[in-house]
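Single-structure report; data block below.
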Amino acid sequence: MLWILRLVLCSLLTPTRADPGALLRLGMDILNREVQNAMDESHILEKMAAEAGQKRPGMKPIKGITDLKVKDVLLPVITMNFTPGVGVFQCVSTGMTITGKSFMGGNMEIIVVLNITATNRLLQDEETGLPMFKSEGCEVILVSVKTNLPSNMLPKVVNKFLDSTLHKVLPGLMCPAIDAVLVYVNKKWASLNAPMPVGQMGTVQYVLTSVPTTTPSYIQVDFSPVVQQQKGSAVQLADDAGGAEFPEDHAEGSSQLLLSAAFLTAELALLQKSFDVKVKDTMIGELPPQTTVTLAGFIPKVAEAYPKPKPLVTQIRINKPPKVTMKTGKSLLHLHGTLEMFAARRRGKPPVSLFVLETHFNLKIQYSVHEDRLQMTTSLDRLLSMSRGSSSIGPFKEKKLIGFITDFLQEAYIPVINDVLQVGFPLPDLLDMNYNLAELDITEDALVLNLKLD
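With mature numbering (1 follows the signal peptide of the UniProt record, and there is no 0) applied, the sequence shown covers -18 to -1, 1 to 436.
The structure is reproduced here in structure tokens:
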């Protein structure tokens, strides 16, 4: 019955083909947990026993037995094997007691132990496009049978009666339970392909790339995520989005989710406008006062242009899409843009531009999961390049400003970026997966979440 739930993870569909930006490997650990959850939540065993004696349309009465009831249903022991290229083959061992009035007029009990085998094949709901599963080749194999029929009856008569009775009762009783579980499972995937918000900036939708691949030890599901701006077009993933691969040292039977650097880059593109920052504060953290006097210590011409101290206003604009790169153990966020400094004026007059610097700097990213959303926290890694774009105070040596600008980025700019990043990025909605327990590893061009059980 409930073993069918294991299949829900092995087969997902999409009508299009593209390089995956996210990969999911599902092992036996997650599958076993989902089977137990289905048992607890669907109450399928109790329902099966309660409905056994009820008359159903098209069901013929069993000759030789009346008042059919089922009791003492044993908790199934489920054995599952991945079938490469197909799905999952299951064998379910269970037992029960069938009671009723026998053809001899007395009360009868048949205690049976049996195996139920089934192969499940993937289908796609034509209306919703969501995956659905249908069991094929369901068979009931008797392991042992005990009955309270009188021992003085001819063995052939008893065996013929039991064989006829059980082959009529058990398939009709056990195999329909598979469909009941599938209905329950399919409902849990109703929101799988629903767009999920990233604050007010856009949405992320996990679209399935193709039919998942079943191997002898895991099921791999490829996603082609759709990153959609709130007002605008979809953000295209880089051409190398499908280059990331799972590390080879994962534990046997474990489950992992891989998010490519290209996919994370596309998600951060939703936040690019929020990375533009104007800083007007004079006192910021441990920085010296943000005034023309401080700036004149690096560029003497500032003192000539502004003998009296003026507050500084700093405008940072990111003019290229943010880009995430990953090497084993380290992830960086590359930002290209301009840093423009102004001298503020009184009485509502607009500030005067002093200079514009073309900048490229990296932020080191630390990843975590909170409330099933991927979180990023950054710190300044390096100011890679800085060149003068324009200047109203004449030429100056940009190198003298490296320390001053580096400190400004760390103290004034990075905190703003981290506040923006608190919005988090949604993770795939997979059977109420608790991503908060995942262990995170940065690998070549990808972030890998090692999924854990509750």
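Where is the CB? At the ideal position from N, CA and C, for every residue including glycine. The structure presented is a predicted model; accordingly, all values stated were derived computationally and were not measured.
With a 10 Å radius around its C-beta and 16 neighbouring C-beta atoms as the bar for buried, classify GLU426 as buried or exposed.
Translated into the one-based positions of the sequence shown, residue 426 becomes position 444. Counting Cβ neighbours within 10 Å, GLU426 comes out exposed, since fewer than 16 surround it.
CA-CA distance, TYR188 and THR129?
Here residue 188 is taken as the residue at index 206 of the sequence shown, counted from 1. Here residue 129 is taken as the residue at index 147 of the sequence shown, counted from 1. Rounded to the nearest angstrom, the two C-alpha atoms are 54 angstroms apart.
Three or more C-beta pairs below 8 angstroms linking the region 362 to 381 and the region 329 to 348
With the cut-off at 8 angstroms, the region 362 to 381 and the region 329 to 348 touch.
Would you give the residue range spanned by the beta strand (DSSP E) that VAL334 belongs to?
By 1-based counting over the sequence shown, the position of residue 334 is 352. Counted as a single uninterrupted DSSP element, the beta strand (DSSP E) harbouring VAL334 occupies residues 334 to 352.
I'd like to know whether the C-beta of VAL398 is nearer than 8 angstroms to at least one C-beta of chain B.
The displayed structure is made up of one protein chain only, and chain B is not part of it.
CA-to-CA distance, ALA159 to TYR73, given in whole angstroms:
If you number the sequence shown from 1, residue 73 lands on position 91. If you number the sequence shown from 1, residue 159 lands on position 177. Here residue 73 turns out to be Cys, not Tyr, going by the sequence shown. The C-alpha of CYS73 lies about 14 angstroms from the C-alpha of ALA159.
Can you tell which of ILE375, GLU109, ASP389, ARG355 has the C-alpha that lies nearest to the C-alpha of GLY181?
For the purposes of this step, residue 181 is identified with residue 199 of the sequence shown, where counting begins at 1. Looking at ILE375, GLU109, ASP389, ARG355, the one whose alpha-carbon comes closest to that of GLY181 is ARG355.
Cα separation between GLY82 and LYS29?
Locating residue 82 in the sequence shown gives position 100, where the first residue counts as 1. Locating residue 29 in the sequence shown gives position 47, where the first residue counts as 1. If I take the Cα positions, the gap works out to 19 angstroms.
Answer with buried or exposed for THR191, where buried requires no fewer than 16 other C-beta atoms within 10 angstroms of its C-beta.
Counted from its first residue, the sequence shown places residue 191 at position 209. Classification for THR191: buried.
Cβ pair ASP401, LEU419 closer than 8 angstroms
Residue mapping note: residue 401 aligns to position 419 of the sequence shown, counting from 1. Residue mapping note: residue 419 aligns to position 437 of the sequence shown, counting from 1. In this structure, LEU419 does not lie closer than 8 angstroms to ASP401 by Cβ.
Name the two residues that bound the continuous beta strand (DSSP E) containing THR276.
In the sequence shown, counting from the first residue as 1, residue 276 sits at position 294. Annotation: THR276 is outside any beta strand (DSSP E); the continuous alpha helix (DSSP H) that includes it extends over 274 to 278.
For the alpha helix (DSSP H) that ASP389 lies in, which residues bound it at each end?
Looking up residue 389 in the sequence shown gives position 407. Counting along the chain, ASP389 sits inside the alpha helix (DSSP H) bounded by residues 384 to 390.
Alpha helix (DSSP H) runs wholly inside the region 192 to 252, at least 4 long, in chain order:
Runs of the alpha helix (DSSP H) inside the region 192 to 252: 243 to 251.
Checking 8 angstroms against the spacing of the C-beta atoms, do ALA243 and ALA394 come in under that value?
Taking the sequence shown and counting its residues from 1, one reaches residue 243 at position 261. Taking the sequence shown and counting its residues from 1, one reaches residue 394 at position 412. No.
Can you tell me the Cβ-Cβ gap for PRO113 and TRP171, rounded? I've got them flagged as a contact below 8 angstroms.
As a first step, residue 113 is located in the sequence shown; it is residue number 131 there, counting from the start. As a first step, residue 171 is located in the sequence shown; it is residue number 189 there, counting from the start. Indeed they touch by this definition, with Cβ atoms about 7 angstroms apart.
Taking PRO282 as the reference, give the member of LEU336, GLN238, LEU269 with the closest Cα.
As a position in the sequence shown, residue 282 is number 300, starting the count at 1. Nearest Cα to PRO282 within the set LEU336, GLN238, LEU269: LEU336.
Can you round the beta-carbon distance between residue 445 and LYS292 to whole angstroms, since I take them to be within the 8 angstroms contact cut?
Past the boundaries of the shown model lies residue 445; the chain is included only from -18 to 436, so the question cannot be answered.
Given a threshold of 16 other Cβ atoms within 10 Å of its Cβ, counted over all protein chains shown, does ARG7 qualify as buried or as exposed?
Here residue 7 is taken as the residue at index 25 of the sequence shown, counted from 1. Burial state of ARG7 is buried, judged by a 10 Å Cβ sphere holding 16 or more other Cβ atoms.
Apply the 10 Å Cβ neighbour rule to THR(-5) and answer buried if 16 or more other Cβ atoms are within range, or exposed otherwise.
For this step, residue -5 is matched to residue 14 along the sequence shown. Only weak support exists for where THR(-5) lies, its pLDDT of 36 falling under 50; the value from the coordinates is given anyway. Answer is buried; the Cβ neighbour count reaches 16.
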